[in-house]
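Let me begin by presenting the structure, written as structure tokens, before commenting on it.
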Amino acid sequence: MDYAAVVILEILYMISFIALVSAGLAVVFGMMRVINLAHGEFVMLGGYTTLACQRAGIDLWFSMLVIAPIVVGLVGLIVERLVIRFLYGRMIDTMLATWGLSLLLIGIVTLIFGSSAVNVPTPIPGYQLGAYQMGGYNLFIIGVTIALYIGMWLVLRYTRLGLIARGAMQSADVASSLGYNPRTVYMVTFTIGAALSGFAGGVLAPLTGLLPASGGGYIAQSFIAVITGGSGAVISGTLTSSVLFGTISQIVSFASGPVLGDIVMLALAIVLLRLMPTGISGRFLRNSQ
Amino acid sequence: MRVSRRDFLGATGALAVTGSLGAVSAFAQGKDILLGSVLDNSGNLDIYGKPMVMATTLAVEELNAAGGLLGRKIKAIQYDTQSDIALYTKFAQQLARTDKVDVVHGGITSASREAIRQTFKRANTLYFYNVLYEGGVCDRNCVVTGTTPAQAVEPIVDYAMKKWGNKVVVLAADYNYGQITAKWLQYYIKERKGTVASTDFFPLDVADFGSTIAKIQQANPNFVVAALVGGAHMAFFRQWAASGMNKKIPLTSTTFGVGNEHLALSPAEGDGIVIAGNYSQEAQSPANLEFLARWKKRFGDTKIVHEIAVSQYQGIYAWAAAVKKAGSLEREAMLKAVESGISIEGPAGTVTIDPKTHHAALDIHLMEVKNQKLTIINTVKQRPPADTAQYCDLIKNPNDNKQYEVKI
Amino acid sequence: MKVWPSIGQMRWGWFLLGAAIILVWPAFFDTHTPTILLVWALFALSLGLMWGYAGLLSFGHTAYFGLGAYVYAIAVVNIGESTVPLLLAILIPAIVAAIIGAMMFYGRISDVYMGVITLVVSLILFKFMSATAGDKYAIGDARLGGFNGIPGFPVLNVPGLPDVSLFGVPMYYVAAVALLGCYLICRWILARSFGRVLVGIRENEGRCELLGYSVPAYKTAIFSISAAMAGLAGCLFANWAEIVTPSVFSLRSAAEVIIWVIVGGLGTLVGPILGAIVLGMLKLLLSEQTVIDNSLILGFILVVVVLAIPRGVVPALQYWFGRRARIRTQRSAHTRARRRVAAPVRPS
């Protein structure tokens, strides 16, 4: 019985993990149809920002929840101004440029922090669940992810910013004819997407440890979750695919081992894309956000 | 006998010197002795490789300052393999065929060793592997100065089973080091009438151990042995501590500390992990203190000195001792010298090369992590590489060339 | 009608010059490093053919390169003689690519999704091969070895003579002949109607469909041909390195080959070859120093090339020289009859 609860909690954690690291990519892909292959490195940068702040003596919570998103958001802004804005409408070129960017960022972080694994302390102790000892921080991540997605939904649904964003998403031409410069909308969106990635990186840093190359582990998962989720409805699509992939990969992990969990998840993504070439939301969730 | 171009040049060079008015400089005779190294100085294994590269530099500089070997200077040719196996084979070929070095000290993971060992064997280039590993390599061309399971795994099993009980969970890295070490663990645990509740293998890029930790709790062993390797696997020790398991089930490791993992974990996370090995910075022997002082003078930071950096350093000194004994770099003379039971005093104690296995008898410490330090619980002097010795006798079978694994 | 200057117009002079340089090289220089450069060039050529002419970008082309390497190693350990393993190393990637290609193209999957699927395929292979260290993962006598890979298999031999192995300079010639041969095959393919339809699909898929061509069939065919060449390159790589490890499937190698092709130039065959040789050289030189991180430089090059010369170096040069040549022709032709000059082609 306890074990069932443990398994369910681990599944919830895996779902949250995928949803959390995919949020930034989902926003950028959904609004701009830009696939940012440097997304994993944005997450990694969030982690290193948290590490640097924590080493400088700044409160850990403040560093991960506030400073990491701001710093990575600024990096995103710079990247948008210097690279992305020249490439709108050229999807493959954008993918290549952001891939180059990801290599570049790995190189820079290696130069600054070295390529050895470093760690941020875990601020929440473990707790007892029946006969089992569980990581308390996992609960925090589940909570943060739920809050983040509710927040995103509220912003999109009820604020003026959300209205403009939804408008630009549905029809960039109409939004622009109403006086909202799509270039500005894109710039803001990309910055927000980067900030969300930085936030995910900061929050996850205490759990996974940091390596300059650790972005590679995030990009595959989030890339697959977002694309499979589809561009029809960013938030619900990504959330649906996170639930699907998180549940299946974690059940397989428990049944055999983490490797098979990953492989099954990847294979499932191929099958889903073949059946639904426009993603889950393109098929089922047309009228949600 | 085949005379290579370089031998020929060396010989004529030596003739020219003796034919002249006699040597003035200590290094006047012939060309430099070439010492090659292939180590990961960047990429995700550089946590191991960087200090080894520094140790190589330090050892070569010291030997040269002391007058070189055979009156000749040593020149180190070091290649960075960037944690990429393909570059190992490339640079091994380069060292053996283009640079034509006299000896190679290098290789970190067992995968990298197996990628280059045969290349050096074919090219008749003497090869030293100076890293703790899973044991069993039986190759006359290869000398191993790192620890083997009989030296560094058995003491852990022995200590932990006496202290905590006989039900064990094994976690290991999924490549030949982890696979073979796991077999040895099973062998030692069964020998002591214990049971292995489960053995799990993890590829080097796995960083999420949530399901694993839950499964360990379900198995509820008396202790856990972790033979995990590399940066991503560090996450296991963190997630283990984050869930509070470090207070519930004792943890031991065959690799922890080798990459200075104890420095990356906070005291609360790392304390209590039991390990065994050849080296601890805390050892108060004069040899170690002097070594650390020399390191500090040359590189500044001594924090990063770890066991396999010291192994590399000792390996180079063991090779130097063999060169002195052989009085030549000629391969047969060198192998005879290696097989005469040479012994040196290194920072981690006495290193004696066993003629039969080309492995080393070493001083082994059982250690516990305390406040980011490896504190020594007890020390066994000159523990032999008994695992490899079960199968390997290079005096009797000099042409043996394989890696033996324990049969369970 | 010369609408497609890059097809069917074989500059034999340049080809013979390049071939001559490659073939006389071993007389003067070491061949160990050049061998791998030729192998990488062949790999880049395979992607360049598919991406530059049919407009299909495979983000995980390493899947077929790596499959070629693994198939060769596994087969040669079991068989001993290298002729059949070599053929299998070409055939099996081609079949796998045909299956995956058919699945994607008949499913009408768009460019981006094709990128995802090809990437995921190589990720799966990477994860799976990394997890095969146990004894139970063996095909015949060949243990897959996980992270260690498969070391110490027999290298290529003269067909029929298992004891005469091709090693060193002969191996270099094998790679050289493979590269030149594949180049000629590519030229031949592009000069035929098959090649023209491919370019047509790249330019306007819908129109080709309406003209009655089965677009998915053409796409699947070129994907499979390209995978066969990548498999051959992988097999040669295995022979050069004398070890096969899962890193042949890694994201990093997948990125590298894309960088070689795009820097060298899309829509040409020489571009990818030169891109691979020059950047491969750079990669090897960089690993003999430790001052600057390797990925930093590669990343920088990729970003700059995409922004500044999105068509790659070779097409940019061709365009530049082509324009000058045309200006000359125009001047000389000025007094003669008016002549229509074909507009420069923009490979997409």
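Protein chains in written order, with the working numbering: chain A, 1 to 289; chain B, 290 to 697; chain C, 698 to 1045. Using N, Cα and C, we set each Cβ at its ideal position, and we do this for glycine too. These numbers come from a predicted model, not from an experiment.
Checklist entry - What residues from the stretch 475–502 of chain B come within 9 Å of chain A, judged by C-beta to C-beta, listed N to C? => result For the stretch 475–502 of chain B, the set of positions with a beta-carbon nearer than 9 Å to some beta-carbon of chain A reads Asp489, Phe490, Phe491, Pro492, Asp494, Val495, Ala496, Asp497, Phe498, Gly499, Ser500, Thr501 and Ile502 in chain order.
Item to check | Proximity of Gly846 (chain C) and Thr942 (chain C) at Cβ, strictly below 7 Å | outcome: Start at 1 with the first residue of the third sequence, and residue 846 (chain C) comes out as number 149. Start at 1 with the first residue of the third sequence, and residue 942 (chain C) comes out as number 245. Yes, the pair counts as a contact, with Cβ atoms nearer than the cut-off.
Next on the checklist: Does chain B have any CB closer than 7 Å to the CB of Leu204 (chain A)?
Outcome noted: In the first sequence, the residue the question calls residue 204 (chain A) occupies position 204. Chain B, which has no Cβ nearer than 7 Å to the Cβ of Leu204 (chain A), makes this no.
Next on the checklist: Tell me the residue span of the beta strand (DSSP E) that contains Thr543 (chain B).
Outcome noted: Translated into the one-based positions of the second sequence, residue 543 (chain B) becomes position 254. Neither: Thr543 (chain B) is in no beta strand (DSSP E) and is coded neither H nor E.
Checklist entry - To the nearest angstrom, how far is it from the Cα of Ser236 (chain A) to the Cα of Leu764 (chain C)? => result In the first sequence, counting from the first residue as 1, residue 236 (chain A) sits at position 236. In the third sequence, counting from the first residue as 1, residue 764 (chain C) sits at position 67. The straight-line gap from Cα to Cα measures roughly 37 Å.
Item to check | Residue nearest to Ile653 (chain B) in terms of C-alpha spacing, selected from B:Pro636, B:Glu480 and B:Ile505 | outcome: Walking along the second sequence from the start, residue 653 (chain B) turns up at place 364. Across the set B:Pro636, B:Glu480 and B:Ile505, the C-alpha of B:Pro636 shows the shortest separation from the C-alpha of Ile653 (chain B).
Checklist entry - the stretch 450–465 of chain B: which residues have C-beta closer than 7 Å to a C-beta of chain F, in chain order? => result Checking the listed chains, one finds no chain F in this structure; the protein chains it contains are A, B and C.
Checklist entry - Per DSSP, which one or two residues make a beta bridge with Gln367 (chain B)? => result If you number the second sequence from 1, residue 367 (chain B) lands on position 78. Partner(s): B:Ser326.
Next on the checklist: I'd like the list of long-range same chain contacts for Asp388 (chain B), defined as Cβ closer than 7 Å, with 5 residues on each side in sequence excluded.
Outcome noted: Position 99 of the second sequence, counting from 1, holds the residue named residue 388 (chain B). So the list reads Leu323, Gly325 and Ile366, once near-sequence residues are dropped.
Next on the checklist: Between which two residues does the beta strand (DSSP E) holding Glu657 (chain B) run?
Outcome noted: Looking up residue 657 (chain B) in the second sequence gives position 368. Its beta strand (DSSP E) spans residues Ala649 to Lys659.
Checklist entry - Would you report the Cα separation of Asp173 (chain A) and Leu1004 (chain C), rounded to the nearest angstrom? => result Here the question's residue 173 (chain A) lines up with position 173 in the first sequence. Here the question's residue 1004 (chain C) lines up with position 307 in the third sequence. Computed Cα separation, rounded: 26 Å.
Item to check | Local Cβ density within 10 Å of Asn430 (chain B), reported as buried at 16 or more and exposed below that | outcome: Counted from its first residue, the second sequence places residue 430 (chain B) at position 141. Buried, since its Cβ has 16 or more Cβ neighbours within 10 Å.
Next on the checklist: Rounded to the nearest angstrom, what separates Ser241 (chain A) and Ala19 (chain A) at their Cα positions?
Outcome noted: Counting from one through the first sequence, the residue named residue 241 (chain A) turns up at place 241. Counting from one through the first sequence, the residue named residue 19 (chain A) turns up at place 19. Rounded to the nearest whole angstrom, the C-alpha separation of Ser241 (chain A) and Ala19 (chain A) is 9 Å.
Checklist entry - Residues in its own chain within less than 7 Å of Asp682 (chain B) by CB, not counting five upstream and five downstream? => result Here residue 682 (chain B) refers to the residue found at position 393 of the second sequence. Correct list, in chain order: Lys645.
Checklist entry - From Thr470 (chain B) to Ile697 (chain B), what distance separates their C-alpha atoms? => result To locate residue 470 (chain B), count along the second sequence from 1; it is residue 181. To locate residue 697 (chain B), count along the second sequence from 1; it is residue 408. Cα atoms of Thr470 (chain B) and Ile697 (chain B): separation of roughly 12 Å, rounded to the nearest angstrom.
Next on the checklist: Please report the straight-line C-alpha distance between Thr829 (chain C) and Val27 (chain A), rounded to a whole angstrom.
Outcome noted: The count along the third sequence starts at 1 and reaches residue 829 (chain C) at position 132. The count along the first sequence starts at 1 and reaches residue 27 (chain A) at position 27. If you draw a straight line from the Cα of Thr829 (chain C) to the Cα of Val27 (chain A), it comes to about 37 Å.
Item to check | Option nearest Val967 (chain C) by Cα separation, candidates C:Phe850, C:Gly857, C:Phe725 and C:Leu742 | outcome: Against the third sequence, residue 967 (chain C) aligns to sequence position 270. Answer by Cα proximity: C:Leu742.
Checklist entry - Between the Cα of Val264 (chain A) and the Cα atoms of C:Lys833, C:Leu739 and C:Leu820, which residue gives the shortest distance? => result In the first sequence, counting from the first residue as 1, residue 264 (chain A) sits at position 264. Of the listed residues, the one whose Cα sits closest to Val264 (chain A) is C:Leu820.
Item to check | chain A residues whose Cβ lies nearer than 7 Å to that of Pro1007 (chain C) | outcome: Taking the first residue of the third sequence as position 1, residue 1007 (chain C) is located at position 310. Result: Asp93.
Checklist entry - Along chain B, in chain order, which residues have C-beta atoms closer than 9 Å to that of His729 (chain C)? => result For the purposes of this step, residue 729 (chain C) is taken as residue 32 along the third sequence, with counting starting at 1. Within chain B, the residues placing a beta-carbon under 9 Å from that of His729 (chain C) are Lys379, Gln382, Gln383, Arg386 and Thr387, ordered along the chain.
Next on the checklist: Just list the residues that DSSP pairs Phe512 (chain B) with in beta bridges.
Outcome noted: Start at 1 with the first residue of the second sequence, and residue 512 (chain B) comes out as number 223. Beta-bridge partners of Phe512 (chain B) (DSSP): B:Val457.
Checklist entry - If you draw a straight line from the alpha carbon of Ser500 (chain B) to that of His394 (chain B), how long is it in whole angstroms? => result Indexing the second sequence from 1 puts residue 500 (chain B) at position 211. Indexing the second sequence from 1 puts residue 394 (chain B) at position 105. The straight-line gap separating the alpha-carbon atoms of Ser500 (chain B) and His394 (chain B) is approximately 40 Å.
Checklist entry - Looking at the structure shown, is Thr671 (chain B) part of a helix, part of a strand, or coil, going by DSSP? => result Stepping through the second sequence from its first residue, residue 671 (chain B) is reached at position 382. One point to set straight first is that residue 671 (chain B) is Gln, not Thr, in the sequence displayed. Three-state result, Gln671 (chain B): strand.
Checklist entry - Residue range of the beta strand (DSSP E) that Ala381 (chain B) falls in? => result The sequence position of residue 381 (chain B) within the second sequence is 92, counting from 1. Unbroken run through Ala381 (chain B) is the alpha helix (DSSP H), Ile374 to Gln382; no beta strand (DSSP E).
Item to check | Inter-stretch contact (C-beta, 8 Å, three-pair minimum) for the stretch 414–433 of chain B and the stretch 445–464 of chain B | outcome: With the cut-off at 8 Å, the stretch 414–433 of chain B and the stretch 445–464 of chain B do not touch.
Checklist entry - So, are the CB atoms of Thr699 (chain B) and Ala400 (chain B) less than 7 Å apart? => result In this structure chain B extends from 290 to 697, so residue 699 (chain B) is not present and cannot be described.
Checklist entry - Quick one: what's got a C-beta closer than 6 Å to Trp737 (chain C)'s C-beta in the same chain, skipping five residues either side? => result On the third sequence, position 40 is the one that residue 737 (chain C) refers to. Excluding sequence neighbours, Trp737 (chain C) sits near Ala973 and Gly977.
Checklist entry - Which partner residues does His394 (chain B) have in the DSSP bridge list? => result Here residue 394 (chain B) corresponds to residue number 105 of the second sequence, with the count starting at 1. Partner residues in the beta bridge of His394 (chain B), as assigned by DSSP, are B:Phe417.
Item to check | Environment of Gly89 (chain A) [buried if 16+ CB atoms lie within 10 Å] | outcome: Indexing the first sequence from 1 puts residue 89 (chain A) at position 89. Per the 10 Å Cβ criterion, exposed.
Item to check | Per DSSP, the bridge partner or partners of Val432 (chain B) | outcome: Position 143 of the second sequence, counted from the start, is the residue given in the question as residue 432 (chain B). Paired residue(s): B:Phe417.
Item to check | Interface residues of the stretch 840–873 of chain C facing chain B [CB-CB below 8 Å] | outcome: Result list: Gly842, Gly843, Phe844, Asn845, Gly846, Pro848 and Gly849.
Checklist entry - If we ignore side chains and look at the alpha-carbon of each, how far apart do Gly40 (chain A) and Ile150 (chain A) end up? => result To locate residue 40 (chain A), count along the first sequence from 1; it is residue 40. To locate residue 150 (chain A), count along the first sequence from 1; it is residue 150. When rounded, the separation of the alpha-carbon atoms in Gly40 (chain A) and Ile150 (chain A) is 23 Å.
Next on the checklist: Is there a Cβ of chain A sitting closer than 7 Å to that of Met978 (chain C), yes or no?
Outcome noted: Position 281 of the third sequence holds residue 978 (chain C). Met978 (chain C) does not count as touching chain A.
Item to check | Stretch pair the stretch 807–816 of chain C + the stretch 890–904 of chain C: three plus CB contacts closer than 8 Å | outcome: By the Cβ criterion, the stretch 807–816 of chain C is not in contact with the stretch 890–904 of chain C, since fewer than three pairs of Cβ atoms, one from each stretch, lie closer than 8 Å.
Item to check | Among A:Ala225, A:Val66 and A:Leu105, nearest to Met44 (chain A) - alpha-carbon criterion | outcome: In the first sequence, residue 44 (chain A) corresponds to position 44, counting from 1. Out of A:Ala225, A:Val66 and A:Leu105, A:Leu105 has the C-alpha closest to the C-alpha of Met44 (chain A).
Item to check | Contact list for the stretch 937–948 of chain C against chain B, Cβ threshold 7 Å | outcome: Within the stretch 937–948 of chain C, the qualifying residues are Ala938, Glu939, Ile940, Thr942 and Ser944.
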